[in-house]
DNA sequence: TTCAGGTTACGAATCCGGTCGTATATTGCT
DNA sequence: AGCAATATACGACCGGATTCGTAACCTGAA
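Protein chains in written order, with the working numbering: chain A, 44 to 170; chain B, 44 to 170.
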């Protein structure tokens, strides 16, 4: 397994990544309009952000036509793992269980989700 | 229950808070030396940070003697909740279950912890 | 009293994320 | 060709976080 550098997207970058992950790919305008539903920043702000993300290697883009098409260059799963891992260390003293208890305690899941977690738990017990 | 303002400690502030939470209280020097085990910043940097945290109300202090004694002014639990809640929304589309699966999948807990989680799960199922 | 060591206070420099204005290029239409 | 619409590129600014140098202030020991 290759060692992945500690990518640390900022808050704004995460918002953009979410759009890219959901849609698979998108132009600056598409991203900007989706973000615009709950946030108001100028178009060039979104553009600049995505350009910087490109320089950082967080996204890739197809610039063969005038309107560039962007895609995420890091996976949702990896990013989640990075961030959750760091949080477990910095906030929960390295105990994933503490985090799980917190999350379940304050955001109770529904029946189906409970089942899902139960299944995973059963699997872990077997090992 | 009083509405708690959205306190958002920075990364550095969290490091300091962790020391304060663990020890209950500490002087600037104590905090600085503990942080120094894995980080090197000048003493006055730590001091300034803690002074700013005091102004923000994140910590309180007893300045009756020359060497001030600091304590956290927000609880670990509240802070965890804040941050985990935000992460669930921004990274897991509002699904705490997704976060739980992530955490358990990548940081497998031991037997005792599994039991603990199982207990909580059973409780949630009853509701 | 005097001085050395440790402590707080404070201002300034720097860095980085986020924001935007403006210039420049490309494209399609008339 | 000329124009309007839309894109990208780029530099500048703002604010907050972080860092540190220096001054001012105790306090205990010699």
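Where is the CB? At the ideal position from N, CA and C, for every residue including glycine. Source: prediction; values computed, not measured.
A Cβ-Cβ contact shorter than 8 Å links residue 92 (chain B) with residue 55 (chain B). For residue 74 (chain A), the closest Cβ of chain B is not nearer than 8 Å.
In the DSSP assignment, residue 114 (chain A) forms a beta bridge with A:103. Annotation: Cβ neighbours of residue 146 (chain B) in chain A (cutoff 8 Å, chain order): 127, 131, 139, 142, 143 and 146.
In this structure the stretch 139-146 of chain A touches the stretch 155-163 of chain B; the number of beta carbon pairs closer than 8 Å is three or more.
Separation of residue 121 (chain A) and residue 84 (chain B) (C-alpha to C-alpha, rounded to the nearest whole angstrom) is 31 Å. Contact between residue 139 (chain A) and residue 150 (chain B) holds, with the beta-carbon distance rounding to 4 Å and staying under 8 Å. DSSP, reduced to helix, strand and coil, places residue 84 (chain A) outside both helices and strands of the structure shown, so it counts as coil. Taking 8 Å as the threshold, the shortest C-beta distance from residue 90 (chain A) to chain B does not fall below it. Just so you know, the alpha carbons of residue 117 (chain A) and residue 119 (chain B) end up roughly 31 Å apart. Secondary structure of residue 151 (chain B) (DSSP, three-state): coil. Beyond the five residues adjoining it in sequence on each side, residue 130 (chain A) comes within less than 8 Å, by CB distance, of 142 in the same chain, given in chain order.
Contact between residue 147 (chain B) and residue 167 (chain A) is confirmed by a C-beta separation of about 7 Å, below the 8 Å threshold. If you ignore the 5 residues before and after residue 96 (chain A), its C-beta comes within less than 6 Å of the C-beta of 56 and 102, all in its own chain and listed in chain order.
Close to chain B, meaning a Cβ-Cβ distance shorter than 7 Å, are the following residues of the stretch 155-170 of chain A: 156, 157, 159, 160, 161, 163, 164, 167 and 168. Beta bridge pairing from DSSP links residue 69 (chain B) with B:113. Under the three-state reduction of DSSP output, residue 128 (chain B) falls in the helix class.
Close to residue 151 (chain A), with beta-carbon spacing below 9 Å, are these residues of chain B in chain order: 139, 167 and 170.
CA-CA distance, residue 81 (chain B) to residue 123 (chain A), rounds to 25 Å. Counting only Cβ-Cβ distances below 8 Å, residue 78 (chain B) has no contacts in chain A at all, with the closest Cβ about 13 Å away. In the displayed model, residue 55 (chain A) falls within a helix according to three-state DSSP.
Within the same chain, and ignoring the five residues on either side of residue 52 (chain A) in sequence, the residues whose Cβ sits closer than 7 Å to its Cβ are 60, 101 and 122. Taking the C-beta atoms as reference points, residue 88 (chain A) is found no nearer than 8 Å to residue 74 (chain A). Assigned with DSSP and collapsed to three states, residue 108 (chain B) falls in coil, not helix or strand.
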